[in-house]
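A.B. asks:
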Amino acid sequence: MRLPIKTRLFKSFASALSFFSFLILTACIESPILHHADADTVTPQAQTEADCPLHFPTAGLCASITWDQMQTEDEPGSFKLKFWDAKTATSDGPYLTPENAVFTRLMMPSMGHGSSPVKTEQLQAADGSLVAGVYHATGVYFSMPGHWEIWIQLRRDRGVLEQAKVDITI
Ligand SMILES: [Cu+2]
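In the working numbering, each residue's number is its place in the sequence shown (first place is 1) plus 305.
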């Protein structure tokens with residue numbers, strides 16, 4: 306039996322409607338994802354450890370360590386230490402000299418001891434001028450194998466204002 310023309314029209318309208326509502330529904334499901342993707346490109350991403358390996362929130366600085374050389378049996382190691390503004394700069398610079406004195410301490414947490422002192426000095430260019438925000442740490446010697454912490458400290462007088470560490474296994 307053929308359905309009356311009105312019923313057939315209604316049926317095709319209804320199926321068209323359900324098709325469109327399916328599309329709309331799909332769009333609604335996808336839209337938060339799209340919106341999220343858009344938000345990610347606009348909003349600066351939260352700082353990860355890779356962006357800010359050493360974080361000094363009070364000073365508003367980040368820092369990173371780059372090894373010149375690791376210690377050998379005969380010689381201690383050395384590294385460059387670079388500071389930058391946590392909000393406006395990246396690990397590629399521009400680098401910023403902290404307002405406080407910079408120190409390096411080596412600690413072996415499992416045994417509660419340190420190692421011989423590390424010399425941390427602001428890097429000098431060939432003409433003798435100081436390089437902004439870049440330090441050279443020398444005499445970096447871990448006295449035994451195992452897990453160590455390299456603590457970078459910002460100090461005033463004899464007090465540590467702020468410190469951050471990177472872990473290393475020797
Ligand atoms: Cu030890």
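Backbone N, C-alpha and C define an ideal beta-carbon position, used for all residues, glycine too.
1. Look at the alpha carbon of residue 475 and the alpha carbon of residue 406, and state the distance between them as a whole number of angstroms.
2. Out of curiosity, what's the CA-to-CA distance linking residue 377 and residue 462?
3. Taking the alpha carbon of residue 393 as the point to measure from, which residue in 471, 357, 404, 380 has its own alpha carbon closest?
4. Classify residue 425: buried if its beta carbon has 16 or more other beta carbons within 10 angstroms, exposed otherwise.
5. May I have the straight-line CA-CA distance separating residue 430 from residue 453, to the nearest angstrom?
6. Under a CB-based cut-off of 8 Å, is residue 406 close to chain D?
7. Determine the extent of the beta strand (DSSP E) in which residue 357 is found, giving its start and end residues.
8. Do you know how far the Cα of residue 403 is from the Cα of residue 364?
9. Measure the beta-carbon distance from residue 373 to residue 388 and round it to whole angstroms, keeping in mind my assumption that it falls under 8 Å.
10. Take the Cβ of residue 395 as the centre, count every other Cβ of all protein chains shown within 10 Å, and call the residue buried at 16 or more, exposed below.
11. Considering only heavy atoms of ligand 1, does any lie closer than 7 Å to the CB of residue 419?
12. Per DSSP, what kind of secondary structure is residue 432 in: helix, strand or coil?
13. How big is the Cα-Cα spacing for residue 456 and residue 368?
14. Name, in chain order, the residues that DSSP records as bridge partners for residue 464.
15. For residue 251, list the residues DSSP reports as bridge partners.
C.D. replies: According to the structure shown:
1. Against the sequence shown, residue 475 aligns to sequence position 170. Against the sequence shown, residue 406 aligns to sequence position 101. Approximately 27 Å between the Cα atoms of the pair.
2. The count along the sequence shown starts at 1 and reaches residue 377 at position 72. The count along the sequence shown starts at 1 and reaches residue 462 at position 157. Residue 377 and residue 462: Cα-Cα distance of roughly 34 Å.
3. By one-based count along the sequence shown, residue 393 stands at place 88. Out of 471, 357, 404, 380, 357 has the C-alpha closest to the C-alpha of residue 393.
4. Position 120 of the sequence shown, counted from the first residue, corresponds to residue 425. Buried, because 16 or more other Cβ atoms sit within 10 Å of the Cβ of residue 425.
5. Translated into positions along the sequence shown, residue 430 becomes position 125. Translated into positions along the sequence shown, residue 453 becomes position 148. Residue 430 and residue 453 have their C-alpha atoms roughly 31 Å apart.
6. Looking for chain D here will not work: only one protein chain is present.
7. Position 52 of the sequence shown, counted from the start, is the residue given in the question as residue 357. First-last for residue 357: undefined, no H or E at that position.
8. The residue labelled residue 364 in the question sits at position 59 within the sequence shown. The residue labelled residue 403 in the question sits at position 98 within the sequence shown. When rounded, the distance between both Cα atoms is 8 Å.
9. The residue you call residue 373 lines up with position 68 of the sequence shown. The residue you call residue 388 lines up with position 83 of the sequence shown. With a beta-carbon spacing of about 17 Å, residue 373 and residue 388 fall beyond the 8 Å limit used to define contacts.
10. Taking the first residue of the sequence shown as position 1, residue 395 is located at position 90. Residue 395 should be labelled exposed.
11. The sequence position of residue 419 within the sequence shown is 114, counting from 1. Every heavy atom of ligand 1 is 7 Å or more from the Cβ of residue 419, so no.
12. Along the sequence shown, one-based indexing puts residue 432 at 127. Here residue 432 sits in coil by DSSP.
13. The residue labelled residue 456 in the question sits at position 151 within the sequence shown. The residue labelled residue 368 in the question sits at position 63 within the sequence shown. Cα to Cα, the separation comes out at about 11 Å.
14. Along the sequence shown, read from residue 1 onward, the residue named residue 464 stands at position 159. Beta-bridge pairing links residue 464 to 461.
15. Examination of residue 251 is not possible in this model, given that the chain is present from 306 through 475 alone.
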